[in-house]
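Participant: Using this note's numbering, the first residue of the sequence shown is number 2, and each one after it goes up by one.
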Amino acid sequence: MVEVNLNIEDPDVEVIRSYLKGKEIPQELDELVYHLALVKTRHLRKNRVKIFDPGCEYREGDLIFKEYSGKLPTGAKRFIEMDHGVVLKVVEVRQNLGRHEIRLEYDGTSDFLGYTQYLERQKIDLLLPHKQARPICKTRYLEEEQDPRLKQQPLVERDFNRLRKKVVSALSRIQGVAFISERLLLEENLKKIDDSVFSHIREFLRENKKSESTEFLVENFVKIKPKDPAFSAYCFALNFRMMRDFKIDFHQTSMTGWGRWNLISVIYHLRKDSLISLFNPLEKEVHLPNRKGLTLLRRKLNAELFPEPNRFYLTQREVASGALRVKPGTFQFGESIELTAHEVGTKKELTLYYYPDDQLIMGFKDYFEGIRALQALSLTLEQVGEDRFQFEVRTTKKGTVSDRVEYDPDKGTFRVTEEKVASPVFANKTMFLESEVFRIVHEHIEDFREADSMNDLVQRVFLVFGLRERNYEIHTLRLYHVLDLIYPVCLRTVEDILLANPEFVSSEKVPGVFYLDSDSIGQPETEERERLLEVHEIEEKAEVEVEAEVVSAADTQAGEESSREEEIRLLREERRRRREEEMRIKEERMRRIRIEKLGERLQAVEVPPVVAEPKEAEAETTRRRRRTEEEEKTPKPKKRVEKAPVPEEETLDMDEIEEEIQLEKLKEEVLEKKPVEVPKEKKEVAYQDDGGFGGILASKLDDLSEKEKKQTKKPDKKKGGTKK
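As structure tokens, then:
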């Protein structure tokens, strides 16, 4: 590979000046770098190129043109399609096993470079045969307009980026060249803009308090329409003048298009006036005795705390300031500090500002107030463009009800009020701080701020808010949210203190949880915690006594109305007793009615006395009974009879149940009584019935004899009537 000098020297400065000379329209930086790269690689394209022929002879240093077609490997499973020729350089001429061959190298920038690099990794030489014909063929040369190097990049991408950075660095030292917004022009060709225009722009931005694009400023203040051919030249001149002559007042917030501008005072005060930028005297008082492997431990802890890197849980200070702390390297902000973010699922769009020195995004304040945001809310922020983002706040259907929290400027901390706030946002239970935590911090803020270092402050929070029965256990993010109530702190500082100090022990079972080794920090801290708790209990008792006094005073004032209230109470008691008596009488009447109905039902089921049937009907009854028995022998499908549910109003009490039992016993006694037997006349039988088949024959003979007797009696009745 041929090395190219990428440094910017005096001849290169002259190339830049000559390129810009006479041009009134600003030139793109990449076009200038490309032109300079062509100049720097011009010597590589001076030699004439020979067309490859196996029958020709070649020497070291010759350039040959060889056409390739088909697939060429660039990796284990990667290929490129080639359907054009490339220019190769002969680096060695040799003879192997009686065959003449040449070893080649490729100095170009096309896709063929990947193929040659793959051969180098596999330790394979790029070889071609030559001197294969006798006599040797005549050499042919490639036409200059057919040289493929004219259509290729003069440098590979890595070298092109290096040259670009060197050009940008050199432009700040070249006199008479204006460079801004990735464009450049000679200062002598700049458009003239009056200074009064910048005064009007300053007043407009101060009143508007938000950024405006260069195109808007040129159209409305310089009075040049976008269709004017010189519009881009005026935009460039305005940007250059604001950056060079008025850099104390203006700041370019975005690089999109011709850029956007805002007042430095507006951007500065947006952060300076917020609660998140208050001074922390313990910020530099951090002791990290064990720094070995701290970066790896912090990376592992962050992976446990944030399974989703783009999800953030905001502290109370962030919510009140409308700010969001981000970890370095999470997003690619570029040179822009003004961002545009839209809410997922809605058309709401916010203008945010990024402060790279503090790793801070601001601009959520109005939005948080609109949704009644709470501490520990969950916010997801994703980058969708160079300076465009989308965000989403997690909500819940039930919502979250909490005490309203406000900032107390006298004590410099937060306090809870008696007012309740119903918010649709979802608050993480692990990090959500109860009202009691805010009260303790607000009442004992001076005790916490007596700490002489951040390590001491962290220990105090462990002792007061950690679970004492579990070795002062507390979650890292909950600890961070409590500390942020006392002073503005960074999560990275809290993590470093926990990981680099031996008195803090991480839990092996629960990720993100730490314990405090109270033996290693001595007795004074324990006494301090007990003292704070005792003071808090005394204050609670005092509040209870005050409330009792208020209640007693209210009772004294209400003594005058007590007689009237007593009369009302007596009237209500009398009315209640009267209603109960009426209900009792009604229930007694209903009970008597039920007992009478029950007696009627029992009488209906009593068994009447058995009366003997006459002899004439006895045989017919017998036949019917036999027929019925035969029918009953055949199985019939049983009908499913569902019992009607007993109405609630017919439910009997204990007395009624006893009466029911007595009546049932009475019924059983009646049914058990034997029917009165009527003496039957002894029937003379002509033939004895001994059972079996003979018995059936005998009964048949008896029936015949009975019929004969009846027939002999009938004629007497017809002749003489009945005998007297």
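Just so it is clear, CB atoms sit at the ideal spot from N, CA and C, and this is done for glycine as well.
By DSSP, does E393 sit in helix, in strand, or in coil?
Facilitator: E393 falls in the strand class under three-state DSSP.
Participant: Pull the bridge partners of F505 from the DSSP assignment, please.
Facilitator: In the DSSP output, where bridge partners are listed per residue, F505 has L517.
Participant: Kindly list the residues whose CB is nearer than 8 Å to the CB of E29, restricted to its own chain and excluding five residues on each side of it in sequence; keep chain order.
Facilitator: Closer than 8 Å at the Cβ level, and outside the excluded window around E29, lie E183 and R184.
Participant: Return the Cβ separation of T331 and D388 in integer angstroms, given the expectation that the two are a contact with Cβ distance under 8 Å.
Facilitator: Contact doesn't hold; Cβ gap of about 15 Å is too wide.
Participant: Please classify D160 as buried or exposed, where buried requires at least 16 neighbouring CB atoms within 10 angstroms.
Facilitator: The residue in question, D160, is buried, as its Cβ has 16 or more Cβ neighbours within 10 Å.
Participant: Going residue by residue through the stretch 254-319, where are the continuous alpha helix (DSSP H) segments of at least 4 residues, counting only ones entirely within it?
Facilitator: Runs found: 265-273 and 295-306.
Participant: So is Y481 buried or exposed if we call it buried at 16+ other beta carbons inside 10 Å?
Facilitator: That one is buried.
Participant: For F369, is the beta carbon positioned less than 7 Å from some heavy atom of the ligand GTP?
Facilitator: The ligand GTP is absent from the structure shown, which contains no ligands of any kind.
Participant: Below 8 Å on the Cβ atoms is my contact criterion, and I expect L187 with K22 to pass it. Report the Cβ-Cβ distance as a whole number of Å.
Facilitator: Right, the Cβ-Cβ distance comes to about 7 Å (below 8 Å), so this counts as a contact.
Participant: With distance defined between alpha-carbon atoms, name the residue in T110, C57 and R207 nearest to K152.
Facilitator: Nearest C-alpha to K152: T110.
Participant: Return the CA-CA distance between L128 and Q147, expressed in angstroms with no decimal places.
Facilitator: Near 24 Å, if we compare the C-alpha coordinates of Q147 and L128.
Participant: Expressed to the nearest angstrom, what Euclidean distance is found between the alpha-carbon atoms of P648 and K399?
Facilitator: Legend: pLDDT at P648 = 43, less than 50; position of this residue unreliable, no value from coordinates given.
Participant: Between F307, R373, H445 and I268, which has its C-alpha nearest P357's C-alpha?
Facilitator: Considering only alpha carbons, the answer is I268.
Participant: Using the three-state DSSP reduction, which class does P74 fall into: helix, strand or coil?
Facilitator: Strand at P74.
Participant: If we count the other Cβ atoms within 10 Å of its Cβ and call it buried at 16 or more, is V345 buried or exposed?
Facilitator: The residue is exposed, with fewer than 16 neighbouring Cβ atoms inside 10 Å.
Participant: Starting from the C-beta of T477, find all residues in its chain whose C-beta is less than 8 Å away, skip the five residues before and the five after it, and write them out in chain order.
Facilitator: Hits under 8 Å: L302, L306, V495, E496, L499, G513, V514 and F515.
Participant: My assumption, with CB atoms under 8 Å, is that K47 sits in contact with L64. Please give the rounded CB distance.
Facilitator: That belief does not hold up - the Cβ atoms of K47 and L64 are roughly 10 Å apart, past 8 Å.
Participant: Reducing DSSP to helix, strand and coil, say where H445 ends up.
Facilitator: Coil, per DSSP.
Participant: Assuming the contact rule is C-beta atoms closer than 8 Å, L382 and F439 should be a hit. Round their C-beta distance to whole Å, please.
Facilitator: At roughly 27 Å, the Cβ-Cβ gap does not stay under 8 Å, so L382 and F439 are not in contact.
Participant: With a Cβ-Cβ cutoff of 8 Å, do I362 and V426 count as a contact?
Facilitator: Cβ atoms of I362 and V426: not closer than 8 Å.
Participant: What residue range does the alpha helix (DSSP H) around N209 cover?
Facilitator: That run of the alpha helix (DSSP H) goes D196 to N209.
Participant: Return the chain-ordered list of same chain residues with a C-beta closer than 7 Å to the C-beta of G364, the five sequence neighbours on each side being excluded.
Facilitator: Correct list, in chain order: G323, L351, T352, L353 and Y354.
Participant: Run the CB neighbour count on V34, radius 10 Å, all protein chains shown included, and call it buried at 16 or more, exposed below.
Facilitator: By the 10 Å Cβ count, V34 comes out buried.
Participant: In this structure, does DSSP put E25 in helix, strand or coil?
Facilitator: Coil, per DSSP.
Participant: Give the DSSP-derived three-state secondary structure of P357 in the structure shown.
Facilitator: It is coil, neither helix nor strand.
Participant: Which residues bound the beta strand (DSSP E) around A179?
Facilitator: That run of the beta strand (DSSP E) goes V178 to I181.
Participant: Just to check my reading of the structure: D453 and E286 have Cβ atoms closer than 8 Å, yes? What is that Cβ distance to the nearest angstrom?
Facilitator: Going by Cβ atoms, the distance from D453 to E286 rounds to 7 Å, so yes, they are a contact pair.
Participant: Once you ignore the five residues that flank L114 on each side, which residues in its own chain have a CB closer than 8 Å to its CB?
Facilitator: For L114, where only same-chain residues beyond five positions count, the Cβ hits under 8 Å are Y107 and V157.
Participant: Alpha helix (DSSP H) containing N456: first to last residue?
Facilitator: Element bounds for N456: M455 to F466.
Participant: Identify which residue in A134, R135, V92 and K139 has its Cα closest to the Cα of D126.
Facilitator: The shortest C-alpha separation from D126 is found at V92.
Participant: DSSP on S214, reduced to helix/strand/coil?
Facilitator: Here S214 sits in strand by DSSP.
Participant: Could you have a look at V327 and say whether DSSP puts it in helix, strand or coil?
Facilitator: Three-state result, V327: coil.
Participant: Which residues bound the beta strand (DSSP E) around T477?
Facilitator: No beta strand (DSSP E) holds T477; the alpha helix (DSSP H) holding it covers T477 to I487.
Participant: Whose C-alpha, out of M244, E216, L599 and A377, is nearest the C-alpha of A179?
Facilitator: Per the Cα distances, M244.
Participant: Quick check: the Cα distance between E665 and E566, rounded to an integer number of angstroms?
Facilitator: Taking the straight line from one Cα to the other gives about 55 Å.
Participant: With DSSP run on the structure shown, which of helix, strand or coil describes L89?
Facilitator: In this structure, L89 counts as strand in the three-state DSSP scheme.
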